[in-house]
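This report concerns only the one structure given below.
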Amino acid sequence: MNCVACIEYIIVALMVASAIFAVEWRDLLAAAVGMAAVSLFASILFFILQAPDVAMTEAAIGAALSGAVVVFAIKRTRRFETEEEEKPGWWVRW
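According to this note's numbering, the sequence shown is numbered sequentially starting from 3.
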């Protein structure tokens, strides 16, 4: 196994960790940062795999633009999930 493969495995592990972080956190702003981090790590991985045009597009659209849109949407609504949102409806409880 060469050094490039080790770096690729580390980046993929960071992508998975960021995705889990984005899904599990109750703070929606932190989840948006996790989503942008996944996209940023994907961009780095594309650059290592000799696809700089795809890497630049992923960084610009995936990390920057999508992250900004999600953060703007969070600012216009509630930032934290509440306990009431977790409870299922009456049709699910029985």
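Beta carbons are placed, not taken as given, at the ideal position from N, Cα and C, and that holds for glycine. Remember, it's a predicted structure, so these values are computed and weren't measured experimentally.
Here the alpha carbons of W27 and I46 stand approximately 24 Å from one another.
Distance from the Cα of E10 is smallest, within the candidate group F48, F74 and P54, for F48. When the beta-carbon positions are compared, M17 and V35 stay at least 8 Å from each other. One thing to note: A24 has its Cβ within 8 Å of the Cβ of A33. The C-beta distance from A44 to E60 rounds to 5 Å, short enough to meet the 8 Å contact threshold. Using a 10 angstroms sphere on the CB of M37, the tally of other CB atoms reaches 16 or more, which defines it as buried. Residue burial is scored here from C-beta neighbours: A15 has fewer than 16 other C-beta atoms within 10 angstroms and is therefore classed as exposed.
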